[in-house]
Amino acid sequence: MEPILRTSTTVDWITILLFTSLLFMVMAKSMSYTRFLNFIILPFNNKYVFLYNKKDRLMNWFHVFFTLFQLINGAIFIYLARGILLDMGRESYPSVFLFTLLYLLLFLTTKVLLQLGNGYIFGSKKVISEILFKKLSYLNYSGILMFLANCILCYVLKDSKFVVYAAILGIVLVNAIGWVLALRNHQKFIASHFFYFILYLCALEIAPLVIIGSYLNH
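Okay, here's the thing in structure tokens:
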């Protein structure tokens with residue numbers, strides 16, 4: 164019997180990315196364990212926002228590490244959800260993931276810069292920074308939900324639409340809590356800039372969701 168040459172399977176790049184994102188979480192935890200504990204209970208107790216909103220806000224390594232964690236897992240989740248919901252399976256190359264990651268990174272960076280620039284022009288930089296920190300904190304927390312969903316979709320319940328929909332629901336709920344908190348604490352500011360708030364809502368909040376939704380459907 165002649166030996167048959169078998170090609171070894173390639174390294175699972177999604178596993179590498181999940182492990183890399185987990186390292187960012189570990190680094191954030193090692194920087195401040197107390198802050199990490201407050202962050203973990205964020206949707207149930209907004210102590211994290213009130214403790215750290217005045218101190219370092221956006222340019223803090225804890226926040227930066229969790230933002231990277233959220234971006235990686237967000238891109239992976241969109242990649243997996245697209246394949247599952249459209250019954251496309253997983254592409255054998257990570258080009259779709261790379262495109263998604265670059266889009267999320269570009270969108271988030273542009274969004275933050277535009278909002279900070281708007282705050283600087285209209286003399287409301289402090290308030291805008293506070294709102295941004297609150298919203299981004301809840302967005303980063305949703306990265307934990309996406310990480311769990313990614314692990315389940317990759318290693319436990321592969322191609323499960325229920326997991327995808329459950330994760331989407333959890334992500335929406337977590338970010339809705341952040342939005343409600345931001346709106347409630349800055350009612351006067353939003354009322355005095357209501358027209359610009361509507362423009363911002365349509366251009367930087369609703370439009371990206373429409374783009375992502377259309378991307379998942381094609």
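One gets my numbering by counting positions in the sequence shown from 1 and adding 163 to each. We treat Cβ as the ideally placed atom computed from N, Cα and C, and that holds for glycine.
Item, Value
"Cβ neighbours of isoleucine 307 in the same chain (closer than 6 Å, five flanking residues each side left out)", "none"
"Inter-residue Cα distance where the pair is valine 259 and leucine 214", "39 Å"
"Separation of threonine 197 from methionine 190, as counted between CA atoms", "13 Å"
"Buried versus exposed, by CB contacts within 10 Å (16 or more), methionine 309", "buried"
"Under the three-state DSSP convention, the category valine 259 falls into", "helix"
"Spatial neighbours of isoleucine 340 in its chain, beta-carbon cut-off 7 Å, leaving aside the 5 residues before and after", "Pro206, Tyr301"
"Tyrosine 242, buried or exposed, once every other Cβ within 10 Å from all chains shown has been counted against 16", "buried"
"Segments of 3+ residues assigned as beta strand (DSSP E) that fall wholly inside the stretch 282-328", "none"
"Cβ separation of glutamate 293 and asparagine 216, assumed to be a contact under 8 Å, to the nearest whole Å", "6 Å"
"Threonine 263 versus isoleucine 235 - alpha carbon distance", "10 Å"
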